[in-house]
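Trainee: First the structure, then my questions, so here it is.
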Amino acid sequence: PKILILNGPNLNLLGARQPEIYGRETLDDVAAACASLGTSLGLDTDLRQSNHEGQLVDWIQEARGTAAGIVINPGAYTHTSIAILDALNAFDGPVIEVHVSNVHRREDFRRHSYVSLRADGVIAGFGTEGYTLALRRMASLVPGAKP
Ligand code: DQA
Numbered sequence: 407p408k409i410l411i412l413n414g415p416n417l418n419l420l421g422a423r424q425p426e427i428y429g430r431e432t433l434d435d436v437a438a439a440c441a442s443l444g445t446s447l448g449l450d451t452d453l454r455q456s457n458h459e460g461q462l463v464d465w466i467q468e469a470r471g472t473a474a475g476i477v478i479n480p481g482a483y484t485h486t487s488i489a490i491l492d493a494l495n496a497f498d499g500p501v502i503e504v505h506v507s508n509v510h511r512r513e514d515f516r517r518h519s520y521v522s523l524r525a526d527g528v529i530a531g532f533g534t535e536g537y538t539l540a541l542r543r544m545a546s547l548v549p550g551a552k553p
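Per our numbering, the sequence shown starts with residue 407, numbered consecutively.
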C-alpha cells in the first residue's frame, strides 16, 4: 500500500530553519528514513512538500483511490486551513497529523489545529522521529501492510 507523506510551508527548510526548535535533520533525511522503514513495513512511501495551500489540496484529492493513508505535517496551515481539512474529509483512509515541535509548548495560536478534526492520531514534539512513528502506526491501520 502507498502512503502519502505531505509537508506544508517552510518544511523545505527543515534542518536549517530554527534548529533549536526543529532539529538538524533535513526533509531529505526524513524521506530516506521513511522509505527505508516503509520497505520493512510493506509500505510504499511518497514524501512531498509544498509552500502552497492549493498544491496540498490537489495532492490530497489525488490521494483518493491512489493512496491507502496520509501522513501530513501541514506546517502553519495546520492553524488556518479549512481547505486542507475539507480535502482530508473527502479522503477515506487513515490520516495522521505530525508536528516536529511540541505545538502545545509554544505560542497559543499553535495549539489549535483544523486538521486534528479529521486526523485519526496526532504526533507532536518527537522531532523528525514523529514521521517514522506515524508510519509504524499506519502499518497497523492499513490493510496489506506488515506491522
Ligand atoms: C510545525 C508547527 C507549526 O506550528 C509551524 O507553523 C510549522 C511546523 C511543526 O512541525 O512543528 O511550520 O507543523
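The beta carbon of each residue, even a glycine, is placed where N, CA and C say it ideally should be. All values reported here derive from a predicted model rather than from experimental measurement.
For V509, which of helix, strand or coil comes out of DSSP?
Mentor: helix
Trainee: Do the segment 423 to 438 and the segment 464 to 477 touch if we need at least three Cβ pairs shorter than 8 Å?
Mentor: No: the two stretches stay apart, fewer than three of their Cβ pairs being nearer than 8 Å.
Trainee: Kindly indicate which residue of Q424, I411 and T484 has the alpha-carbon position closest to the one of A438.
Mentor: I411
Trainee: Kindly indicate which residue of P480, P500, A473 and S446 has the alpha-carbon position closest to the one of A530.
Mentor: When only C-alpha atoms are compared, the closest one is P480.
Trainee: Curious, which full-length beta strand (DSSP E) runs of at least 3 residues does the segment 468 to 504 contain?
Mentor: Qualifying beta strand (DSSP E) stretches, in chain order: 475 to 479.
Trainee: Out of curiosity, what's the CA-to-CA distance linking L523 and L491?
Mentor: Straight-line Cα distance between these residues: approximately 8 Å.
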